[in-house]
Amino acid sequence: MDGALFIQLFLNGLVAGMVYVLIASGLILVLGVARIFNFAHGEFYMLGAYATFALTQILHWNYFLSVILATAVVSFLAALCYRAIFHYLRGNLLLCAAASIGLSMMMERGALVGFGTQERGLPPAFSGTFGLAGASIPLEKVLVILLCLAIMFGLAFLLKGTTLGRAMRAVKLDTEVAALQGVSTTKIYALTMAVGCALAAFAGGVIAPLFSVTPNMGHVMLLKCFMVLIVGGMESMVGGIVGGLLIGMILSFGSYFLGGLSEIVLFSFIGLILVIKPGGLFGEAVEEV
Amino acid sequence: MHLLIMLGINILLAMGFALLYSTGLITIGAAAFWAVGAYSSALLVLELNLSFWLAMPLAVLISAGLALLIGAVIVRAPGVAFVVQTMVINMIVVQILGQIEFFGGWGGLIGLPRPNPLGPITFATKTEFYYLLLFLLLLTAGVFKALYASRVGRAWQSIQLNPRLALTLGINLYRYRLLAFVAASASAGLAGSFYAHYFGTIEPGTFSVFKSIYIQIYAILGGLGFYLSGPVVGALVMTFLPEFLRLSKEIEPILTGGLLIGLVVFLPGGFLSLPHRIQIWLSNRNTDPVEQGEAGP
Chain A
2 MDGALFIQLF
12 LNGLVAGMVY
22 VLIASGLILV
32 LGVARIFNFA
42 HGEFYMLGAY
52 ATFALTQILH
62 WNYFLSVILA
72 TAVVSFLAAL
82 CYRAIFHYLR
92 GNLLLCAAAS
102 IGLSMMMERG
112 ALVGFGTQER
122 GLPPAFSGTF
132 GLAGASIPLE
142 KVLVILLCLA
152 IMFGLAFLLK
162 GTTLGRAMRA
172 VKLDTEVAAL
182 QGVSTTKIYA
192 LTMAVGCALA
202 AFAGGVIAPL
212 FSVTPNMGHV
222 MLLKCFMVLI
232 VGGMESMVGG
242 IVGGLLIGMI
252 LSFGSYFLGG
262 LSEIVLFSFI
272 GLILVIKPGG
282 LFGEAVEEV
Chain B
225 MHLLIMLGIN
235 ILLAMGFALL
245 YSTGLITIGA
255 AAFWAVGAYS
265 SALLVLELNL
275 SFWLAMPLAV
285 LISAGLALLI
295 GAVIVRAPGV
305 AFVVQTMVIN
315 MIVVQILGQI
325 EFFGGWGGLI
335 GLPRPNPLGP
345 ITFATKTEFY
355 YLLLFLLLLT
365 AGVFKALYAS
375 RVGRAWQSIQ
385 LNPRLALTLG
395 INLYRYRLLA
405 FVAASASAGL
415 AGSFYAHYFG
425 TIEPGTFSVF
435 KSIYIQIYAI
445 LGGLGFYLSG
455 PVVGALVMTF
465 LPEFLRLSKE
475 IEPILTGGLL
485 IGLVVFLPGG
495 FLSLPHRIQI
505 WLSNRNTDPV
515 EQGEAGP
């Protein structure tokens, strides 16, 4: 394998991996703080991509402005969903999961009816390329990686450096004690949902120019994110990051060298993780109760 | 008649889900073992020229055996991890069936023969299939009922109520959960074997995660507290409601999703908990307002 090919594949894996990281982080955040296993998470990603598409292609807005506005709109929608549905089910993981499955069905089919089945594409925001060790690298992909990195650092700052983040971590640790300290749990849950789904919507917005936008992209992505959770564990953000990058790399290198068999390789890898460490690489030891 | 047969298959699948739920495990992978049952039965008949009546029990055994193998790994992690893992396994099964040529690829297997005639019963009409399914359904329900009533069923119940307490009573959580997983998968395999020979063709797309989600909806809709009657009521509603409303396939999932959300929010116990809820509501109305507060959520 020569260097140029390696760089290409590595870059592709990194782009896919960063997107997985972004979406899986949102999933882990919502699961950890609001105790909702959100099956509609992928649908918020899909909605982010469609909103970006609609703003840039139909209203002809600037791409960056569109992504930001799309993210804001989708995260507001997510908070609304929390208040309208999940608020009444708080604490019941199964019912929350069932309701989010219903939500996901509605959103996916709604997008299908609203936008049609055909694939939508966005023109690249940046068309230039530059050379590195014989490989030509599109600026677009570098931009996606940088944006995702920036968002991840922003998320880390939000969680560690702000009052809101402290409140979120307090609620995750112990909801009742946090409420006793004057933290409004309803507000925190709704905000967590908004932040988590904003991560998904942002990922949808930045990925829209690279891949096509379809109504079923949400659940395809959600299933990938579930694999990330199995590999990385469901408790920690570090697990999400490592799992996301690993799966991105395996799929990128695997699909070049093995073609259709790459998924089988990925599945065997996941099976191996399940056997060796059922809680994921960075998960806590699984309690058997 | 076709609808009734689909209803029967759905009930069979949802009963497996409810069985697993009775131990506190939630699966979104029921369709995977449905697929295993259908494909193993079909391949046994097509490749080895076995009789349907021999292939069906073998398909059930293969489903149960595979469930034992997979369950031994994934039952260790209950809760959300189990939900995610069963879902991914469902996905993997569909991918493997679609990618590997031996299983017929994405086009699936076609031309499965009808069951061999059984005396005067030739399985030429749907009515005969219907009675066969009814027999299988009653058989499964009987076995499940016996299980629920036995020591095993009481152990499952205690695990669902409080796993830690069950542990202190000397109940081996892992083994009892594994048993439930195998039993549920075996019933799904039975449904799969019947489905394959009833339809004559099977393709991987039928057994997707979406089917597993629908199976879950049947059980939740009827009421999760009712292990046998819940799936019947839930599957009844979900199979016939879209037909009666004459909905286009286009918007059906939107209404189904809305129904699911509404039900979960307003009637979390399922349809069968309705009489109980009305009873509570009526008795609350007749008492003084001070006591009313106690019945609140």
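As given, the protein sequences belong to chains A and B, one line each in that order.
Per our numbering: the first sequence = residues 2 to 290.
Per our numbering: the second sequence = residues 225 to 521.
A virtual CB, placed ideally from N, CA and C, is assigned to each residue, including glycine.
On a predicted model such as this, the values are computed, not experimentally measured, just so you know.
Once you ignore the five residues that flank residue i on each side, which residues in its own chain have a CB closer than 7 Å to its CB?
| i | result |
| --- | --- |
| F45 of chain A | V75, A79, C198, A201 and A202 |
| V172 of chain A | V34, A179, V184, T186 and I189 |
| P521 of chain B | Here the model assigns P521 of chain B a pLDDT of 42, short of 50, so the residue's position is not dependable, and the following value carries that caveat. Answer for P521 of chain B: no residue qualifies. |
If we call anything under 8 Å between Cβ atoms a contact, is residue i one with residue j?
| i | j | result |
| --- | --- | --- |
| M106 of chain A | T480 of chain B | yes |
| F254 of chain A | G14 of chain A | yes |
| Y419 of chain B | I298 of chain B | no |
| T351 of chain B | M230 of chain B | no |
| A168 of chain A | V184 of chain A | yes |
| L371 of chain B | G377 of chain B | yes |
| L236 of chain B | S382 of chain B | no |
| G295 of chain B | L445 of chain B | no |
| A209 of chain A | V489 of chain B | no |
| T247 of chain B | T310 of chain B | no |
| L192 of chain A | V145 of chain A | no |
| S417 of chain B | A259 of chain B | no |
| F54 of chain A | L12 of chain A | no |
| L358 of chain B | G261 of chain B | no |
| G111 of chain A | H220 of chain A | no |
| A255 of chain B | S436 of chain B | yes |
Given a threshold of 16 other Cβ atoms within 10 Å of its Cβ, counted over all protein chains shown, does residue i qualify as buried or as exposed?
| i | result |
| --- | --- |
| F158 of chain A | exposed |
| I59 of chain A | exposed |
| L363 of chain B | exposed |
| N314 of chain B | buried |
| F464 of chain B | exposed |
| S137 of chain A | exposed |
| H61 of chain A | exposed |
| W380 of chain B | buried |
| T349 of chain B | exposed |
| V367 of chain B | exposed |
| P341 of chain B | exposed |
| S409 of chain B | buried |
| G343 of chain B | exposed |
| F421 of chain B | For the sequence presented, residue 421 of chain B should be read as His rather than Phe. By the 10 Å Cβ count, H421 of chain B comes out buried. |
| F77 of chain A | exposed |
| F468 of chain B | exposed |
| E271 of chain B | exposed |
For the putative contact between residue i and residue j, defined by C-beta atoms under 8 Å, what is the C-beta separation to the nearest angstrom?
| i | j | result |
| --- | --- | --- |
| V304 of chain B | F38 of chain A | 5 Å |
| I274 of chain A | Y21 of chain A | Rounded, the Cβ-Cβ distance is 15 Å, inconsistent with contact. |
| V207 of chain A | L246 of chain A | Between L246 of chain A and V207 of chain A the Cβ distance is about 16 Å, and since that is not below 8 Å, they are no contact. |
| V114 of chain A | E474 of chain B | 6 Å |
| L104 of chain A | A41 of chain A | 4 Å |
| G494 of chain B | L448 of chain B | 6 Å |
| G454 of chain B | L496 of chain B | 6 Å |
Might you give, ordered along the chain, the residues of its own chain that have their beta carbon closer than 8 Å to the beta carbon of residue i, omitting 5 neighbours on each side?
| i | result |
| --- | --- |
| T118 of chain A | T215 and P216 |
| L282 of chain A | V232, G233, G234, G240, V243, G244 and I274 |
| Y398 of chain B | V299 and R300 |
| A365 of chain B | M239 and L452 |
| V266 of chain A | I251, G255 and L259 |
Among the options, which has the Cα closest to the Cα of residue i?
| i | options | result |
| --- | --- | --- |
| Y354 of chain B | B:L228, B:A404, B:R509 and B:I504 | B:L228 |
| M239 of chain B | B:I439, B:S264, B:F464 and B:S497 | B:I439 |
| I251 of chain A | A:F270, A:L30 and A:E236 | A:F270 |
| G27 of chain A | A:F227, A:L56 and A:V266 | A:F227 |
| L293 of chain B | A:V276, A:G284 and A:G280 | A:V276 |
| L285 of chain B | B:N273, B:L272, B:L274 and B:S265 | B:S265 |
| L10 of chain A | A:Y83, A:A98, A:P139 and A:A73 | A:P139 |
| M153 of chain A | A:A98, A:R170, A:L223 and A:M238 | A:M238 |
| L361 of chain B | B:I345, B:V312 and B:L452 | B:L452 |
| V16 of chain A | A:G111, A:A204 and A:A73 | A:A204 |
| I8 of chain A | A:E109, A:G132, A:I29 and A:F268 | A:G132 |
| L267 of chain B | B:L249, B:E325 and B:F306 | B:E325 |
| Y64 of chain A | A:F127, A:L160, A:L174 and A:Q182 | A:F127 |
| K369 of chain B | B:F450, B:M462, B:P477 and B:L460 | B:F450 |
| E109 of chain A | B:I502, B:L506, B:G482 and B:R509 | B:G482 |
What residues in its chain sit with their C-beta under 6 Å from that of residue i, if we drop five residues either side in the sequence?
| i | result |
| --- | --- |
| L321 of chain B | F327 and P428 |
| M218 of chain A | M47 |
| S67 of chain A | T53, L56 and T57 |
| I334 of chain B | T425 |
| A25 of chain A | C226, V229, G241 and G245 |
| V456 of chain B | I235 |
| R121 of chain A | F54 and V214 |
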